[in-house]
Amino acid sequence: MTILPSVQGPRGLHQAIGRYGHPREWQCAYRVSGDELDYWRLVVAKRSAEVVLVLSRPGGVVLHTKAFYPAGAYRLLTGGVRPEEDLALAVQREAQEETGLNVTIDGFLGIIHHRFAHGEDVALLTSYVFSVHGPAGPLRSLDEEERITAYREVPVEALPEVARHLRALPPDWADWGRFRAVAHCLVYQALGAPRMADAGP
Numbered sequence: 019m020t021i022l023p024s025v026q027g028p029r030g031l032h033q034a035i036g037r038y039g040h041p042r043e044w045q046c047a048y049r050v051s052g053d054e055l056d057y058w059r060l061v062v063a064k065r066s067a068e069v070v071l072v073l074s075r076p077g078g079v080v081l082h083t084k085a086f087y088p089a090g091a092y093r094l095l096t097g098g099v100r101p102e103e104d105l106a107l108a109v110q111r112e113a114q115e116e117t118g119l120n121v122t123i124d125g126f127l128g129i130i131h132h133r134f135a136h137g138e139d140v141a142l143l144t145s146y147v148f149s150v151h152g153p154a155g156p157l158r159s160l161d162e163e164e165r166i167t168a169y170r171e172v173p174v175e176a177l178p179e180v181a182r183h184l185r186a187l188p189p190d191w192a193d194w195g196r197f198r199a200v201a202h203c204l205v206y207q208a209l210g211a212p213r214m215a216d217a218g219p
């Protein structure tokens with residue numbers, strides 16, 4: 019279903035909708051431990067919104083992994099939206115920082131509202147998902163603090179399997195893996211692949 023955002027969102031949100039298309043909108047809830055909720059509160063204190071980048075290349079969409087991730091854990095590119103930053107500019111900035119490319123936005127695929135809860139306590143984070151493309155050439159992170167160690171290109175049809183792998187990460191990474199899996203499912207649906215039973219939020 020395509021609906022308008024249920025919250026005001028970051029600067030430039032409605033302009034992005036007008037220019038790049040109406041995104042689908044998902045609500046996702048996670049029950050987490052108290053320690054895990056403290057982690058998400060720290061994340062949200064730094065950024066209450068992020069962009070998810072679906073970068074198309076000849077071999078498919080780009081995934082990445084980092085030095086501290088579990089072995090074999092690859093996912094879509096993401097980055098935080100700075101306070102008062104325009105949403106489309108955040109997409110372009112994060113793409114350059116994480117890949118070294120100046121990208122062009124193709125479409126606004128989705129908005130995912132994440133709600134992490136422990137008892138009555140909650141933390142909220144929103145992901146804005148965009149499809150982009152850039153020039154040919156090698157990918158390289160311009161931000162050493164990201165600790166990106168490798169990139170991989172996979173066809174859209176492989177994204178449900180990527181999501182399944184993220185959901186099956188070791189216990190210390192389980193909540194993070196469930197959270198990160200959702201965007202891959204949304205992208206799989208948004209880009210027109212046949213719906214699978216486990217491809218929803």
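This note's numbering numbers the first residue of the sequence shown as 19 and each following residue consecutively. Virtual Cβ for every residue (Gly too), placed ideally from N, Cα, C.
Contacting residues, own chain, Cβ-Cβ under 7 Å from residue i (five flanking each side not counted)
i	result
Arg198	Arg93 and Leu184
Asp139	Leu55
Ala201	Val70, Leu94, Ile130, Ser145 and Val147
Ala166	Reading off the sequence, residue 166 comes out as Ile, not Ala. Closer than 7 Å at the Cβ level, and outside the excluded window around Ile166, lie His82, Lys84, Glu116 and Ser159.
Phe134	Tyr48, Val50, Leu55, Trp58, Val140 and Ala141
Contact under 9 Å by Cβ, residue i with residue j
i	j	result
Arg158	Gly98	no
Trp191	Ala106	no
Glu115	Asp53	no
Tyr169	Leu81	yes
Tyr48	Asp193	yes
Leu177	Val79	yes
Ala67	Leu143	yes
Whole-Å CB distance - residue i paired with residue j, under 8 Å assumed
i	j	result
Val70	His136	In fact, because the Cβ distance is near 25 Å, the residues do not count as touching under 8 Å.
Gly128	Leu204	4 Å
Arg65	Glu171	So it is not a contact: roughly 27 Å between Cβ atoms.
Asp104	Arg29	5 Å
Limits of the unbroken beta strand (DSSP E) element including residue i
i	result
Tyr169	Ile166 to Val172
Ala47	Arg42 to Arg49
Tyr146	Asp139 to His151
Boundaries of the alpha helix (DSSP H) in which residue i is found, first to last residue
i	result
Asp193	Ala192 to Ala208
Gly36	Leu31 to Tyr38
Leu184	Leu177 to Arg185
Sequence-distant residues of its chain with Cβ nearer than 6 Å to residue i (five each side left out)
i	result
Gly125	Tyr38, Gly39 and Ser149
Leu209	Val174
Glu112	Val69 and Gly97
8 Å Cβ shell around residue i - same chain, five flanking residues per side excluded
i	result
Thr122	Val150, His151 and Gly152
Glu164	Lys84, Glu115 and Glu116
Ala186	Gly195
>> Ignoring anything shorter than 3 residues, give me the beta strand (DSSP E) runs that lie fully in the segment 45-80, in order along the chain.
In response: 67-75
>> Which runs of the alpha helix (DSSP H) at least 4 residues long sit entirely within the segment 90-140? Give them in chain order.
In response: The segment 90-140 contains these whole alpha helix (DSSP H) runs: 105-117.
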